[in-house]
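Going by my numbering, the residue at position 179 of the sequence shown is 179; the numbering climbs one at a time, nothing skipped. Ideal placement from N, C-alpha and C gives every residue a C-beta, glycine not left out. Note that the structure is predicted; figures quoted are calculated from it, not measured.
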Amino acid sequence: MKAKILLADDEKDIVEFLEYNLTSEGFEVFTAYDGKEAIEKLSYKPDLIILDVMMPEFDGYEVCRQIRHNEQFSNTPVIFLTAKSSEVDEIKGLELGADDFISKPISPKKLVARVKANLRKSELQAPDGGIKSQNAIVKIGPLEINRDKYEVTLEGEVIIFPRKEFEILSYLASRPGKVFGREAILHDIWGTDVFVVDRTIDVHIRKIREKLTEYADMIETIKGVGYRFKNPE
1 MKAKILLADD EKDIVEFLEY NLTSEGFEVF TAYDGKEAIE KLSYKPDLII LDVMMPEFDG
61 YEVCRQIRHN EQFSNTPVIF LTAKSSEVDE IKGLELGADD FISKPISPKK LVARVKANLR
121 KSELQAPDGG IKSQNAIVKI GPLEINRDKY EVTLEGEVII FPRKEFEILS YLASRPGKVF
181 GREAILHDIW GTDVFVVDRT IDVHIRKIRE KLTEYADMIE TIKGVGYRFK NPE
């Protein structure tokens, strides 16, 4: 079955160019020319979404925000196309739940490679090559992580985590007490063919802690190294 991609950009030439290249690679592509149309076309249930940042009606950030607040698409990979390259813009996108960024002008080969990489990563993976081969449910104190359902409950209440936040939380919780360096987390969660910076991990950890509220200290910072999930023992 073809993977379905929603491509949203207000520049017609770019949309047609990228649609051609993605279709040539065997993807089914749906297009939108503004943020409002992109949200409407979520009804096609895309497997991956590509958003331009600067669009009429709603910009890419607002579209991403609405996507991540829709439980049906909370784990769908989102790639931003942007002419902006500052760290501030990237961090803003990460905080909203973006998975990847591609700067304009766009190389179609790079875009296709990033799309394939993010689709591969849409199935949660652990360092050993597949989290589903491990226990599907991890329980640590008041926290329960269901890896098959992509569901987290804290004191019995379901909490919605965007896909990357869920993967990082599950990754750390799978081995309480073990320290994971930022490079290891980047490699095992994003893979080697998706470019993200170390700062990405810090942004995601901060968002995870916010959702864990009074239990935020379950994730410990090891200064100069990385993070670990507190061993309940």
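Query raised in the report: Would DSSP call Lys4 helix, strand or coil?
Result: Here residue 4 refers to the residue found at position 4 of the sequence shown. In the structure shown, Lys4 falls within a strand segment according to DSSP collapsed to helix, strand and coil.
**Report entry** Unbroken beta strand (DSSP E) run spanning Ala32, endpoints
**Finding:** Along the sequence shown, one-based indexing puts residue 32 at 32. Segment Glu28 to Ala32, the beta strand (DSSP E) holding Ala32.
Query - Residue range of the alpha helix (DSSP H) that includes Thr23 - result: For the purposes of this step, residue 23 is taken as residue 23 along the sequence shown, with counting starting at 1. Taken as a continuous stretch (DSSP letters only), the alpha helix (DSSP H) holding Thr23 covers Lys12 to Ser24.
Report task. Report back the beta-carbon spacing between Asp52 and Asp9 to the nearest angstrom; my notes put them in contact at under 8 Å. Result -> In the sequence shown, counting from the first residue as 1, residue 52 sits at position 52. In the sequence shown, counting from the first residue as 1, residue 9 sits at position 9. Contact holds; Cβ gap of about 4 Å.
Report task. Would you mind sorting Arg206 into buried or exposed? The rule is 16 or more other CB atoms within 10 Å of its CB. Result -> Locating residue 206 in the sequence shown gives position 206, counting from the first residue. With fewer than 16 Cβ atoms within 10 Å of its Cβ, Arg206 is classed as exposed.
**Report entry** Cβ-Cβ distance between Ile168 and Ile189 below 8 Å
**Finding:** On the sequence shown, position 168 is the one that residue 168 refers to. On the sequence shown, position 189 is the one that residue 189 refers to. In this structure, Ile189 lies closer than 8 Å to Ile168 by Cβ.
Query raised in the report: DSSP on Leu96, reduced to helix/strand/coil?
Result: Locating residue 96 in the sequence shown gives position 96, where the first residue counts as 1. Leu96: coil per DSSP, three-state reduction.
Query raised in the report: Does the region 68–75 come close enough to the region 18–35 to have 3 or more Cβ pairs within less than 8 Å?
Result: No, they do not touch.
Query raised in the report: Does Glu151 come within less than 8 Å of chain B when only Cβ atoms are used?
Result: Note that chain B does not occur in the displayed structure, where there is just one protein chain.
Query raised in the report: Leaving out five residues before and five after Glu151 in sequence, what residues of the same chain have Cβ atoms less than 7 Å from its Cβ?
Result: Within the sequence shown, numbered from 1, the residue matching residue 151 stands at position 151. Once the five neighbours on either side are set aside, the close Cβ partners of Glu151 are Val158.
Requested in this report: Work out the CA separation of Pro56 and Tyr44 for me, nearest whole Å.
Outcome: The count along the sequence shown starts at 1 and reaches residue 44 at position 44. The count along the sequence shown starts at 1 and reaches residue 56 at position 56. Roughly 21 Å separates the two Cα atoms.
Report task. Enumerate in chain order the residues of its own chain whose CB-to-CB distance from Thr76 is below 8 Å, with the five nearest sequence positions on each side excluded. Result -> Reading the sequence shown from its first residue, position 76 is the one you call residue 76. Cβ neighbours of Thr76 beyond the five flanking positions: Pro46, Asp47, Leu48, Ile49, Ile67, Ser122 and Arg163.
Query raised in the report: Do Gly93 and Phe80 have their C-beta atoms closer together than 8 Å?
Result: Residue 93 sits at position 93 when you count from the first residue of the sequence shown. Residue 80 sits at position 80 when you count from the first residue of the sequence shown. Yes, the Cβ-Cβ distance between Gly93 and Phe80 is below 8 Å.
Query raised in the report: CB Lys178 to CB Arg228, shorter than 8 Å?
Result: If you number the sequence shown from 1, residue 178 lands on position 178. If you number the sequence shown from 1, residue 228 lands on position 228. Yes, they are a contact pair.
**Report entry** Candidates Thr82, Ile91, Val112 and Gly35: closest to Ser103 by CA position
**Finding:** Position 103 of the sequence shown, counted from the start, is the residue given in the question as residue 103. For Ser103, the nearest C-alpha among the options comes from Thr82.
Query raised in the report: In chain order, what residues of the same chain have a beta carbon less than 6 Å from the beta carbon of Thr153, not counting five sequence neighbours either side?
Result: Indexing the sequence shown from 1 puts residue 153 at position 153. Hits under 6 Å: Glu144.
Query raised in the report: Taking the C-alpha atoms as reference points, what is the distance between Ile140 and Lys211?
Result: Taking the sequence shown and counting its residues from 1, the one referred to as residue 140 is at position 140. Taking the sequence shown and counting its residues from 1, the one referred to as residue 211 is at position 211. Answer to the nearest angstrom: the Cα atoms are 16 Å apart.
Query - Limits of the beta strand (DSSP E) - the one that Leu154 falls within - result: In the sequence shown, the residue the question calls residue 154 occupies position 154. Here the beta strand (DSSP E) through Leu154 covers Glu151 to Leu154.
Query raised in the report: Identify the residues that DSSP records as bridge partners of Leu48: which are they?
Result: As a first step, residue 48 must be located in the sequence shown, where it is residue number 48. Answer by DSSP bridge pairing, in chain order: Ile5.
Query raised in the report: When we look at the beta-carbon of His236 and count the other beta-carbons within 10 Å, is it buried (16 or more) or exposed?
Result: Lying outside 1 to 233, the shown extent of the chain, residue 236 is not represented and no answer is given.
Query raised in the report: Residues bridged to Arg228 by DSSP?
Result: In the sequence shown, counting from the first residue as 1, residue 228 sits at position 228. As DSSP reads the structure, Arg228 sits in a beta bridge with Val179 and Glu220.
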